[in-house]
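Mind the numbering: the sequence shown is residues 794 to 1133 in the numbering used here, read in order.
All remarks here apply to the structure that follows.
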Amino acid sequence: MDGGNWERWLEPDWRDRVFAWWEGYDIQRLTRDARRRRSAARARPITSDVAEPLGIARSAGASLSGMNDPLAHLRALETAQLDRCGEPVWSVDRMRGAQALWGEDLTGPQGGPWMVDAVRPFGLTPARSVLDLSAGLGGPARAIATAFDTWVTGLEPSPVLARMAMDRSRSLGLSKRVPVAHYDPEHLNQAGSFDLVLGDRILHRVRDKAWFLDQIQACTKPQGGILFYDYVVEGTPRSWEQWNGWRLEEPQEVYPWSARRVGDELVQRNLDLRIAEDVTAMHRAQIMDGMRRLAESIETARPDGGVLSGLARELAVWWARLKVLGAGLGFYRFVAYRAA
């Protein structure tokens, strides 16, 4: 950080945040460093006669802040899942930033109407059920349940997103039709069986894919369907620097397979693989559309600092993905059915 210009990062406006994202700076680290410098500049000895009252005042202030924060119950869950740098994988601010980028109740470019069209060929009815292994904030799951009057069980790896998704389902009167719970994909052991198992960008994040796919096969009803959208390795990366940069930018480790490997593993579990389709171009277009909409709206929306901080984090992840999509990383659609 520029020693003569650190004050700008104490209260960075949206321009500073976008600049930091564009240049690859960690805005949260810049702000923390600036605040430490300010504290050092203001530092003075604290005598015993003021230490205890100061502690009481801080505790009271923190308590009052928690009482006035409607998202305090979500912030309490942030540290339950940390990235490789010790920061929350999903924070309340990142969740709000993701919605600024993609839309209400969304954490990615695949929105509700799009997902409804994606599952339409599976013939969902009120008598059928869906398991969503990447529920996020529950927007697509609720759209599916509403469109087909069906039952959707949502599972989400992030405790923060899962709690918020369930809060939303409850507020919309869909707590029974679209419940969402937290789970660990490495230890998936879902009771019951479903007519459709859905996963969007989840498989590449699972280390023990053999176990994960075994459990999916087991909880899919005979003649039931499986629909995955996921990242796969495509040949040799065009740029190892960008490839490694993408992997480091991801909040958690990623373990992508090739498209052929995914297809072979599905077939080995006696699943009828119908489609293994490269939809990378579509995915890139969806991401770019989201970024264009953001650029058009950010001037008038004027989001607060928390949203901008979360948005900068979200943009950094998606920008790193864009750099390798079609240049070593592909995005595929897999459709399979369990035999009768």
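Backbone N, C-alpha and C fix where the C-beta goes; we use that ideal spot for every residue, glycine too.
This structure is a prediction, so every number in the text was calculated from the model and none was measured.
Alpha carbon to alpha carbon, how far is residue j from residue i? Give it in angstroms, no decimals.
| i | j | result |
| --- | --- | --- |
| L870 | S964 | 20 Å |
| W907 | D826 | 42 Å |
| D898 | G1121 | 30 Å |
| E800 | L1104 | 22 Å |
| Q983 | L823 | 43 Å |
| N1063 | V1128 | 13 Å |
| R913 | L989 | 11 Å |
| I1009 | I995 | 12 Å |
| C1012 | Y1022 | 19 Å |
| A920 | L1118 | 38 Å |
| L867 | M959 | 12 Å |
| E1107 | I1091 | 15 Å |
| A1113 | I1019 | 28 Å |
| D1007 | S968 | 28 Å |
| R837 | G1123 | Bear in mind that a pLDDT of 42 at R837, under 50, signals an unreliable position, so the number given afterwards is only what the model happens to contain. So the two alpha carbons sit approximately 56 Å from each other. |
| G1098 | V1110 | 19 Å |
| R1131 | D1065 | 6 Å |
| H980 | V999 | 10 Å |
| G985 | R1085 | 42 Å |
| D1057 | D993 | 19 Å |
| E880 | R1067 | 40 Å |
Looking at the structure shown, is residue i part of a helix, part of a strand, or coil, going by DSSP?
| i | result |
| --- | --- |
| R1137 | No answer is possible for residue 1137: the residues shown for the chain start at 794 and end at 1133. |
| K1014 | strand |
| R1067 | strand |
| A1129 | strand |
| A1120 | coil |
| A984 | coil |
| D826 | helix |
| L803 | coil |
| V1100 | helix |
| L1115 | helix |
| V1134 | The question about residue 1134 has no answer, for the chain in this structure spans 794 to 1133. |
| V1110 | helix |
| D862 | coil |
| L954 | helix |
| D1023 | strand |
| L967 | coil |
Does the beta-carbon of residue i have 16 or more other beta-carbons within 10 angstroms, so that it is buried, or is it exposed?
| i | result |
| --- | --- |
| D1001 | exposed |
| M957 | buried |
| M888 | buried |
| V945 | buried |
| P978 | buried |
| S884 | buried |
| G1028 | exposed |
| D925 | buried |
| P950 | buried |
| Y1048 | exposed |
| R828 | exposed |
| T918 | exposed |
Going by C-alpha distance, which of the options is nearest residue i?
| i | options | result |
| --- | --- | --- |
| K1116 | E1058, P972, A1074 and R970 | A1074 |
| M1081 | W1039, R994 and G901 | G901 |
| L954 | R921, V882, Q1010 and D1007 | V882 |
| Q1016 | S922, R935 and A1113 | S922 |
| E1141 | L875, W802, P863 and R828 | Residue 1141 is absent from the model: the chain starts at 794 and stops at 1133. |
| R830 | L803, I820 and Q821 | L803 |
| A891 | W1036, A1133 and L1087 | L1087 |
| C878 | W1036, R1053, L1041 and S1051 | L1041 |
| P805 | A1133, P1096 and R1126 | P1096 |
| D819 | L1101, G1056, D910 and W895 | L1101 |
| L864 | A873, D886, E880 and T872 | D886 |
| T872 | R1077, W1036, F987 and P952 | P952 |
9 Å is my cut-off, CB to CB: does residue i come that close to chain D?
| i | result |
| --- | --- |
| G966 | Annotation note: the requested chain D is absent from the structure, which comprises a single protein chain. |
Could you name each continuous beta strand (DSSP E) segment of 3 residues or more that falls completely within the segment 867-952, going from the start of the chain to the end?
922-925 and 944-949
Ordered list of beta strand (DSSP E) runs contained in the segment 1032-1087, each at least 3 residues
1064-1071
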